[in-house]
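Engineer: This is the structure I have questions about; it appears just below.
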Amino acid sequence: MLPAIKVQLVVFAVVLILPALQSEELLSGVVDDNDCMDILTDCGEIECPLHGSGTFEDYNPHTCTLECAGNARPKVPPGVCSGDVVTCDSSTRESLRNWRQKLQTTKTGVLKSWCPSFWKK
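The sequence shown maps to residues -23 to -1, 1 to 98 in mature numbering (1 follows the signal peptide of the UniProt record, and there is no 0).
Now the structure itself:
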């Protein structure tokens, strides 16, 4: 029989390592870009600050708006609003990816304009 300390060590290792092994992302090194809510969160984390409204908090599918920490409630693009973010059909996913790309381009443009010395490094 194993001493208690070794049993505790094995249990500790399993508790820490098992979730990591169950994650396909960790094993494959590939990030799953298919979850609409993850993409929507990425968009909200750019859109809310661009509106001067702090951090992204939630998405309201009934009003097709993002809920930010501040007062702004930016509308989501029509392709996102008309789609189903929860079920995440391919059309909605593509609309979200396109929106995210547009937002990233906008953010980069703002940063280049407002912080030109940052880009010279």
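All residues carry an ideal CB built from backbone N, CA and C; glycine is no exception.
#1: To which residues does DSSP link T42 through a beta bridge?
#2: By the three-class DSSP mapping on this structure, what secondary structure does V63 have?
#3: I need the boundaries of the alpha helix (DSSP H) containing D15, first residue and last residue.
#4: What do you get for W91, buried or exposed, if any count of 16 or more other CB atoms within 10 angstroms of its CB means buried?
#5: Helix, strand or coil for G86 per DSSP?
#6: Can you check whether the CB of R74 is closer than 9 Å to the CB of I16?
#7: Determine, for T85, whether the minimum Cβ-Cβ distance to residues of chain D falls below 9 Å.
#8: May I ask you to report which of helix, strand or coil DSSP gives T69?
#9: Rounded to a whole number of angstroms, what is the C-alpha to C-alpha distance between G60 and C20?
#10: Pull up the distance between the alpha-carbon of T64 and that of T83, whole angstroms please.
Structural biologist: Looking at the coordinates:
#1: As a beta-bridge residue in DSSP terms, T42 pairs with N37, K52.
#2: Note: V63 maps to coil in three-state DSSP.
#3: First-last of the alpha helix (DSSP H) with D15: 13 to 27.
#4: Taking every protein chain shown into account, the CB of W91 has fewer than 16 other CB atoms within 10 angstroms, so this residue is exposed.
#5: In this structure, G86 counts as helix in the three-state DSSP scheme.
#6: In this structure, I16 lies near R74, with their beta-carbon atoms less than 9 Å apart.
#7: As a matter of chain content, chain D is missing from the structure shown, which is built from one protein chain.
#8: Reduced to three states, the DSSP call for T69 is helix.
#9: Taking the straight line from one Cα to the other gives about 16 Å.
#10: The straight-line gap from Cα to Cα measures roughly 28 Å.
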